[in-house]
Amino acid sequence: MIHAVLIFNTSGIPRLTKFYTPLHQAQQTIVQKIFSLISSRPAGLCNFLDAPELEAFLGPQDDADERWRVVYRSYATLYFVFVVDGAESELGILDLIQVFVESLDRTFENVCELDLVFHFDEVHHILAEIIQGGLVLETNVEEIDSSVQAAAKARRESFTSANPLSLGVGGGAASRNGGLQTPLGWLTGKITGVGAR
Amino acid sequence: MWERTLQDLIRGLRANKSDESKFIAQAVDEIRREIRSKDMELKAAAVLKLTYLDMMGYDMGWASFNVVEVMSSARFHLKSVGYLAAVQSFNQDTDVLMLTTNLLKKDLSSTPSDIAVTLNGISHIVTPDLGRDLSPELIAMLNHSRAHIRKRSILALYKVIVKYPEASQNGMGRLREKLEDQDSGVVAATVNVLCELARKNPRDYLPLAPQLFHLLTTSSNNWMLIKIIKLFGALSPFEPRLVKKLQPPITDLISTTPAISLLYECVHTCIIGGMLQGASGYALARTCISKLAAFIQDADQNLKYIALLAMVKIVPSHPHLVAEYQETILASVDDQDISIRMRALDLVSAMANRDNLQSIVQQVLSHLVRAGTSSSILPTAAQSLAQHTVPASPTSVKPTIVPTQSPAYRLVLSQRILDICSQSTYDNIVDFEWYLSVLVDLAYVANVNIGSKIRDQLVDLVGRVKAARRYAVKLMVKVLSDDTFSGDGGDESSCAEVLWAAAWICGEYCSELTEPQKLLTYLLQPRIANLAQDIIAVYIHAATKVFGFWATELAQRWDDDLLPEIRNVVDMVIERVSDFNSSPHIEVQERRTLYSCSHSSGKIFLRTDLNLKTDSASKMLLHHHSTQSQNHGFLKACILFGHCSLHTNLILWHLLHKRACLYRTGWI
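Order-wise, the sequence lines are chains G and P. Heads up: the first sequence begins at 1 in the UniProt record's numbering, then just goes up one per residue. Heads up: the second sequence begins at 1 in the UniProt record's numbering, then just goes up one per residue.
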């Protein structure tokens, strides 16, 4: 299964941390450790992080099934890191990271780091359409995208029914009717495409 | 009240990078107020902000009850926020979890969107109790009309089974049915779950083999095929007939599939699934290894890495097939990518045999040497490498730059050398003198905390290999006379423990020494006070043995002209040993006392020989008695004196024999 999905930027700031297996040590330390090891790797090396400093974290050497593997890919200013065990195919996970990035791209249109920063919950919802509880749910980008859109639509409908005054007004209204802006008003603004970025 | 949205929080964080913690403290205060609000929108917004801060490392456990409140909202967009917060922050011990049972049940019978979010949440937060309470609903949900929900239920059921194994009794039947589901995604999810379960209890899933086999031969979904292959890899070791059945389709896949990921998994499964035995297995083994070798030589580093991973597993059964590619593999040990080096090291360790051991060890040792430490010992190490290497290996070591030389990596390298050579009680070593010199070189260049292991191996080897003792002693004398180790006794990575071995070996096999008295000067030089206490103790003990041996030797060819020399040595010894009078360590004290007893008596006799007055000699003797008797060690020393200082007794005996003194009876 997949034990963790991490996204952090080239300075080590985490943009998404999802742990499917609780860690016994502080999550921040392991993120920093992985970051320091990955950032020192020049481009062109393999996408598997297997350094002696991670031995304790990765688990027993002898049992190949139990031993974890850190698979990563870098896209622009971001590192996408998946921590998996022997039940997952190494090359398959590389493909899965690509699927994840493509799904983000579908939703955010030319996704960049700032999108992940300001819509971190959206990123979680997208990831939840790909992986549930550490197991792969769907690998086809089309399927994932339609599920993401369906869930987003349900959230949007729920919001508008709770806040009828914001109906059809979108982000433009947020600036005109400042007093009506609800704490989750930004949600509407993004989805109707106004003031999306 | 100024209500801040998540976006405001994020913008604020970005604007206040300089005093971030202050800003966050303010934000958390606001959140604490907002989260208690009756307005669910406000509450949810606060929880969302808190979830964001949780990612940055700020604990949100104190808000777990509020999270449950938001989860229970009827509005889907708020419910999502609650479940997200739960998934990110709840753990098995979160006490509010027991409040969620009814909420989860209710959500599981709600709209499909609610169900989806709930199932996702359950996969994260399920506890044994929740598992027990929810498993009936979950199992029923396996037959939901929507494929998306069926998929999620299957995956959620897996997590429930993990926490509450009894669920598998009822759930397994339904799960098996899902292998025949109309929707291919549902089938894939089922295979995924079965793969995970089978890794823990392979035998229970053998009955599924026919269905899985059918899927293997009919599906074109690469993801699912990979999982099925992996599943069979877990099952086939337990069913030989399965191996026979699988060999044809897997061989077929290996030769035809364009997907490298699937090809690799087939090869990997052949290796770990025990499919390479027997005559038919042999052909398959050749195919697998040739594919892996192609990967290792591929420009794509990822292929190289996974090929090395798989090759390690095939070495125990088909070492000669792997040995054909020895050169390529050895070259990988020099790769600039540490991940590849680590796995290549694994592989060469597994491949080590009598013929290639020396070239492998030479290569790994050269990594340590090349590290560019500022030690002046480097030329010596390189020289001994050159001297003792069997020049049979055609492997040319490329002068590639080795960028990282972290202590962890150096430790791995050093440990690896020790492990490869000591495998099967040193079975692979042909030339022990070579290996002894390797151990000493390792002590010089390692610069990591491996001294005690080197010490243990040195002592072990010298005990086992009689023929190597003379050479070992020669080496050890060189080590003892060298200043490198004795200087920094406090430094953990200096491998000073090897001095313990050196002293002990010289003492134990002192008959092989060529210049014992010279060694004594090294063993007792003032610098040794910097060493660890147990090393000093063994030094003194060894010095006793060496002195005894030397003196006996001299006594056998006694000549009065030798007296000045022996007197100088004894003077030196007594003087140095008395420096340790104040040592707090009991071992050192014991040795010192023993030494000074035996040597003072020797000294007294010598002085007597030189016509000192008898009464002053006996006074000296009595004085010595009384000072020693205050010391607990004195009694022990006497016993030890009688037991292990055979040599010293012999000296006395010879001296007395020549001079017919009567002090002996009173002394002992």
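Glycine included, every Cβ here is placed at the ideal spot set by N, Cα and C.
- The three-state reading of DSSP puts P/R32 in helix, counting H, G and I together.
- For the stretch 296-325 of chain P, the set of residues with a beta-carbon nearer than 9 Å to any beta-carbon of chain G comprises D300, Q301, N302, L303, K304, Y305, I306, L309, V312 and K313, in chain order.
- Secondary structure note for G/T17: its beta strand (DSSP E) is the uninterrupted segment P14 to F19.
- Of all alpha-carbon atoms in G/F159, G/L58 and G/I2, the one lying nearest the alpha-carbon of G/W68 is that of G/L58.
- At least one CB atom of chain P sits nearer than 8 Å to the CB of G/R155.
- When the five nearest sequence neighbours on each side are left out, the beta carbons in the same chain lying within less than 7 Å of the beta carbon of P/L284 are those of Q247, T251, C270, M275 and L276, in order along the chain.
- By the neighbour-count definition (other C-beta atoms within 10 Å, threshold 16), P/T118 is a buried residue.
- By the Cβ-count criterion, P/N143 is exposed, with fewer than 16 other Cβ atoms from all chains shown falling within 10 Å of its own Cβ.
- Close to P/I226, with beta-carbon spacing below 7 Å, are these residues of chain G in chain order: S89 and G92.
- Residues of chain G whose Cβ lies closer than 9 Å to the Cβ of P/S123 are, in chain order, Y20, Q132, G133, G134 and L135.
- For P/A307, the secondary structure class from DSSP, reduced to helix, strand or coil, is helix.
- For the C-beta of G/P14, the chain P residues within less than 9 Å are, from N- to C-terminus, M55, M56 and G57.
- For P/L138, the closest C-alpha among the options P/T111, P/G121 and P/G171 is that of P/G171.
- Using a CB distance below 7 Å, the part of the stretch 145-170 of chain P facing chain G consists of H148, K151, R152, L155, A156, Y158 and K159, ordered along the chain.
- Residue pairing for G/V5: DSSP places it in a beta bridge opposite G/K18 and G/F82.
- Exposed is the label assigned to P/H320, since fewer than 16 other Cβ atoms lie within 10 Å of its Cβ.
- Between P/I161 and P/S153, the CB-CB gap reaches or exceeds 8 Å.
- Put simply, the stretch 145-162 of chain G does not touch the stretch 122-129 of chain P. Fewer than three CB pairs are less than 8 Å apart.
- If you look at P/R199, you'll find it in the alpha helix (DSSP H) that goes S184 to K200.
- Measuring C-alpha to C-alpha distances from P/R150 to each of P/R132, P/R174, P/Y164 and P/N353 identifies P/R174 as the nearest.
- Given a length threshold of 3 residues, each whole run of the beta strand (DSSP E) inside the stretch 44-126 of chain G is given here in chain order: 69-75 and 78-84.
- For P/M71, the uninterrupted alpha helix (DSSP H) run begins and ends at S64 to M71, by DSSP.
- Listed along chain G, the residues sitting closer than 7 Å to P/C195 by beta-carbon distance are A87.
- Across the structure, P/R199 and P/A27 are spaced so that their CA atoms are roughly 46 Å apart.
- Under the DSSP assignment, G/P42 falls outside any alpha helix (DSSP H); it carries neither an H nor an E label.
- At least one C-beta of chain G is nearer than 8 Å to the C-beta of P/S113.
- Using a C-beta cut-off of 8 Å, the stretch 10-29 of chain G makes contact with the stretch 105-125 of chain G, since at least three inter-stretch Cβ pairs fall below that distance.
- Taking the C-beta atoms as reference points, P/F295 is found no nearer than 8 Å to P/K245.
- Residue burial is scored here from C-beta neighbours: P/G507 has at least 16 other C-beta atoms within 10 angstroms and is therefore classed as buried.
- Taken in chain order, the whole alpha helix (DSSP H) runs of length 4 or more contained in the stretch 201-264 of chain P are 209-218, 222-235 and 240-256.
- P/A502 and P/T544 have their alpha carbons spaced roughly 15 Å apart.
- The continuous alpha helix (DSSP H) containing P/M172 extends over residues A167 to E177.
- Pairing P/V498 with P/C288, the inter-Cα distance amounts to about 45 Å.
- Apart from the 5 residues on each side of it in sequence, G/L78 sits with its Cβ closer than 8 Å to the Cβ of I7, F8, N9, T10, R15, E113 and L116 in its chain, given in chain order.
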